[in-house]
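Working notes, beginning with the structure itself.
There are 4 protein chains.
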Amino acid sequence: MTSALPDRLPEGAFRARRLIRFSHCDPAGIVYFPVYFDMFNGLIEDWFSQCLGIDYASWILGQRRGMPIVHAECDFARPSRMGETLTLGIMVERIGRSSLSLRFLGEHEPTGEVRLAGRLVTVATSLETQRAMEIPDDLRAALERYREQCRESAHG
Amino acid sequence: MTSALPDRLPEGAFRARRLIRFSHCDPAGIVYFPVYFDMFNGLIEDWFSQCLGIDYASWILGQRRGMPIVHAECDFARPSRMGETLTLGIMVERIGRSSLSLRFLGEHEPTGEVRLAGRLVTVATSLETQRAMEIPDDLRAALERYREQCRESAHG
Amino acid sequence: MTSALPDRLPEGAFRARRLIRFSHCDPAGIVYFPVYFDMFNGLIEDWFSQCLGIDYASWILGQRRGMPIVHAECDFARPSRMGETLTLGIMVERIGRSSLSLRFLGEHEPTGEVRLAGRLVTVATSLETQRAMEIPDDLRAALERYREQCRESAHG
Amino acid sequence: MTSALPDRLPEGAFRARRLIRFSHCDPAGIVYFPVYFDMFNGLIEDWFSQCLGIDYASWILGQRRGMPIVHAECDFARPSRMGETLTLGIMVERIGRSSLSLRFLGEHEPTGEVRLAGRLVTVATSLETQRAMEIPDDLRAALERYREQCRESAHG
Numbered sequence: 008m009t010s011a012l013p014d015r016l017p018e019g020a021f022r023a024r025r026l027i028r029f030s031h032c033d034p035a036g037i038v039y040f041p042v043y044f045d046m047f048n049g050l051i052e053d054w055f056s057q058c059l060g061i062d063y064a065s066w067i068l069g070q071r072r073g074m075p076i077v078h079a080e081c082d083f084a085r086p087s088r089m090g091e092t093l094t095l096g097i098m099v100e101r102i103g104r105s106s107l108s109l110r111f112l113g114e115h116e117p118t119g120e121v122r123l124a125g126r127l128v129t130v131a132t133s134l135e136t137q138r139a140m141e142i143p144d145d146l147r148a149a150l151e152r153y154r155e156q157c158r159e160s161a162h163g
Numbered sequence: 008m009t010s011a012l013p014d015r016l017p018e019g020a021f022r023a024r025r026l027i028r029f030s031h032c033d034p035a036g037i038v039y040f041p042v043y044f045d046m047f048n049g050l051i052e053d054w055f056s057q058c059l060g061i062d063y064a065s066w067i068l069g070q071r072r073g074m075p076i077v078h079a080e081c082d083f084a085r086p087s088r089m090g091e092t093l094t095l096g097i098m099v100e101r102i103g104r105s106s107l108s109l110r111f112l113g114e115h116e117p118t119g120e121v122r123l124a125g126r127l128v129t130v131a132t133s134l135e136t137q138r139a140m141e142i143p144d145d146l147r148a149a150l151e152r153y154r155e156q157c158r159e160s161a162h163g
Numbered sequence: 008m009t010s011a012l013p014d015r016l017p018e019g020a021f022r023a024r025r026l027i028r029f030s031h032c033d034p035a036g037i038v039y040f041p042v043y044f045d046m047f048n049g050l051i052e053d054w055f056s057q058c059l060g061i062d063y064a065s066w067i068l069g070q071r072r073g074m075p076i077v078h079a080e081c082d083f084a085r086p087s088r089m090g091e092t093l094t095l096g097i098m099v100e101r102i103g104r105s106s107l108s109l110r111f112l113g114e115h116e117p118t119g120e121v122r123l124a125g126r127l128v129t130v131a132t133s134l135e136t137q138r139a140m141e142i143p144d145d146l147r148a149a150l151e152r153y154r155e156q157c158r159e160s161a162h163g
Numbered sequence: 008m009t010s011a012l013p014d015r016l017p018e019g020a021f022r023a024r025r026l027i028r029f030s031h032c033d034p035a036g037i038v039y040f041p042v043y044f045d046m047f048n049g050l051i052e053d054w055f056s057q058c059l060g061i062d063y064a065s066w067i068l069g070q071r072r073g074m075p076i077v078h079a080e081c082d083f084a085r086p087s088r089m090g091e092t093l094t095l096g097i098m099v100e101r102i103g104r105s106s107l108s109l110r111f112l113g114e115h116e117p118t119g120e121v122r123l124a125g126r127l128v129t130v131a132t133s134l135e136t137q138r139a140m141e142i143p144d145d146l147r148a149a150l151e152r153y154r155e156q157c158r159e160s161a162h163g
């Protein structure tokens, strides 16, 4: 599965910088690996709000929709340490009826060295019924536009 | 990769019970998924100390060895909620020269329903040189005994 | 305020043992201080369920009551490290109309050295109205019994 | 002690904006209180690097100095929720021989409503000897300049 993970971010991909903090690191001095999954979740929030044009908090709290994670994985190619900065990027891998597969890449700044490559699969869920629901049209359209934008930039 | 994850724990597998706490859960009321990876790491500690006969803290702090995670994955079959109890179990999948692949299963107690199935791959590392090292003989022997113990119980 | 914090647990106080894990510690090798506040919250859960006879999860999720923290404080007398075990204990300081002040003490096991002494003040809240409510009678009675039990043991 | 906590940030105080994320919140939908202490620690890092001109990571990792917290407290005046933004500010309360007392204020943006007011006391420590050390001259000078800058702006 490692080979299927991306080795660089397309130009059009949404990115955010993350400073590695003291609190992210363990007694061995490197980022404690579950922290990266938390960073992926935060990146989804920023991507929704800043790129897809969907307010993540309203989507969850107002419309009572959930995005539970049904699969998570990550390859950690190299450790990162306090004081370093990572650029995290997000890509759409697959848009299903109710599921969504996302890929993540973390590059060291400024060298561009790939530090980690991950994947999350989430399922759109109604918090009222606790059941999977179809990905709503507005989100689906935004996801497809985003995927196209990444593709074009990758082949540009 | 989902299909390769185990669907039940062999009798001989090391297990620990984990109460799902308020602090493990998110605004949707279910365990925030990175918490499970933290639980896997804690389970490794308990398994070393209580089952393999190796004091985890001394191993890390005293002998300056590390066990950085190079791959992590998990399938979350069903969500868990505050007040529920999970039984987490650990299995040895592969013992390499310096790498070790472990599998994890989380079952709801008392129904036995599988809630999650994960995998961590770690590499024995010298904290002095920051390089991979061969898995030390005492750990290797303990791992092989444990794997045998799980196998026998599975086929018993 | 330091002087007002207790310097030993009365015999009758509810206690729980906590192993200090790798994930609790920071790059300086000691417990990252917010972790202690998380431990206090977990101790309240155990105390409700195991000592006061009130199922914490049902109380929150079923009856839609909350216990938001309005004040938190802790003195950290000495650091703790991976592999050490702390005994955490809880005491009732004050039972108000809707507020409850609790004290916490953390002792190293087996030396009994006091490592930390904390206080949390919480307010019983209806999650429906988001407003403070009177502490329900069943909880108040359990809290008063517990306080008495600690007092008697302290003067025994 | 509540009354001694500040009720507004002086103009000259260092500030940072923090988006309240899904992962910061608990099943009651509000920020889980230990998260605020983690935010305070992160604010100290940003303040060192962006305001005091001292690279926090080098200070800890390179010069092997620590800043363990010996006292932490916070009043939580009002809860905060996913999607809200807080402005966190920091003030120097007291500069001792080796100890440093800092105050924190968290205001809701854009209303300015005070949501929380905290205090951390830390002690400069040599990670080599694990003993308190005098606050180094460069840090002391930077702290005194900062305190002056806050005072002037407060009385301006």
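Protein chains in written order, with our numbering: chain R, 8 to 163; chain L, 8 to 163; chain X, 8 to 163; chain E, 8 to 163.
Ideal Cβ positions, reconstructed from N, Cα and C, are used throughout, including at glycine.
Remember, it's a predicted structure, so these values are computed and weren't measured experimentally.
So, does the CB of Glu91/X fall closer than 8 Å to a CB anywhere in chain E? no
Identity of the residues DSSP links to Ser133/X by a beta bridge: Arg72/X and Arg138/X
Could you check the C-alpha separation between Arg147/L and Thr132/L for me, to the nearest Å? 14 Å
Is it the case that the Cβ atoms of Arg110/E and Met98/E are separated by a distance below 8 Å? yes
Determine which residues of the region 69-100 of chain L have a Cβ less than 7 Å from any Cβ of chain R, and write them out in chain order. Gly73, Pro75, Ile76, Val77, His78, Ala79, Glu80, Cys81, Asp82, Phe83 and Pro86
Neighbouring residues, chain E, relative to Ile67/X (Cβ below 8 Å): Pro34 and Ala35
Arg25/R versus Gly103/R, Ala139/R, Arg72/R and Arg122/R, residue with shortest Cα-Cα distance: Arg122/R
C-alpha distance - Leu150/R paired with Asp45/R, whole-angstrom precision: 21 Å
Assigned exposure category for Pro34/R - 16 Cβ within 10 Å defines buried: buried
Which residues in chain L sit within 7 Å of Phe29/E, going by Cβ to Cβ distance? Asp33 and Pro34
Would you say the region 47-63 of chain X touches the region 27-42 of chain L, given that touching needs at least three Cβ pairs under 8 Å? yes
So that I know if they touch, is there some Cβ in chain R lying closer than 8 Å to that of Phe111/L? no
Which ranges does the beta strand (DSSP E) cover as unbroken runs of at least 3 residues, wholly within the region 41-114 of chain X, from first to last along the chain? 76-83 and 92-102
Going by DSSP in three states, Glu18/L sits in which element: helix, strand or coil? coil
Local conformation of Ala148/E per DSSP, three classes: helix
Nearest chain X C-beta to Tyr39/R closer than 8 Å, yes or no? yes
Contact between the region 57-70 of chain E and the region 66-75 of chain X (3+ Cβ pairs under 8 Å): no
Would Val130/L and Ser106/L qualify as a contact pair, given that the criterion is a beta-carbon distance under 8 Å? yes
Local conformation of Glu116/E per DSSP, three classes: strand
Taking the C-alpha atoms as reference points, what is the distance between His78/E and Val38/X? 14 Å
Which same chain residues end up closer than 8 Å to Gly36/R when comparing Cβ atoms and leaving out the 5 residues on each side of it in sequence? Arg88 and Met89
Using a Cβ-Cβ cutoff of less than 6 Å, which residues in the same chain neighbour Gly96/R once the five nearest sequence positions on both sides are dropped? Leu16, Ala20, Arg22 and Leu112
So does Leu134/L have its beta carbon nearer than 7 Å to some heavy atom of the ligand GDP? By its list of ligands, the structure shown contains no ligand whatsoever, and the ligand GDP lies outside what it can speak to.
Residues in the same chain with beta-carbon distance under 6 Å from Thr9/L, minus the five sequence neighbours each way, listed in chain order, please. In this prediction, Thr9/L scores a pLDDT of 42, lower than 50, which makes its location untrustworthy; the coordinate-derived value is nonetheless stated afterwards. Excluding residues within five positions, the ones whose Cβ falls inside 6 Å are Asp82.
Arg190/E (DSSP reduced to helix, strand or coil): Shown here, chain E extends from 8 to 163; a query on residue 190/E therefore has no answer.
One question on the structure: do Glu135/X and Arg104/X come within less than 8 Å of each other, judged by their Cβ atoms? no
At a CB-CB cut-off below 9 Å, which residues of chain R make contact with Phe55/L? By Cβ distance, chain R contributes nothing, its closest Cβ being about 15 Å from Phe55/L, past 9 Å.
Given Cys157/E as reference, the closest of Arg85/E, Glu120/E, Leu59/E and Val128/E once Cα atoms are compared: Leu59/E
Arg28/R in three-state terms, based on DSSP: coil
Chain-order list of residues whose beta-carbon lies under 6 Å from that of Tyr126/E (same chain, five-residue window excluded): What sits at residue 126/E in the sequence shown is Arg, not Tyr. Excluding sequence neighbours, Arg126/E sits near Glu80 and Arg110.
Please identify the residue among Glu116/E, Thr118/E and Pro86/E whose C-alpha is closest to the C-alpha of Ala139/X. Pro86/E
What is the DSSP secondary structure of Ala35/R, counted as helix, strand or coil? coil
Partner residues on chain X for Phe44/E, Cβ-Cβ distance less than 7 Å: Phe40, Pro41 and Phe44
Is the CB of Leu146/X under 8 Å away from at least one CB in chain E? no
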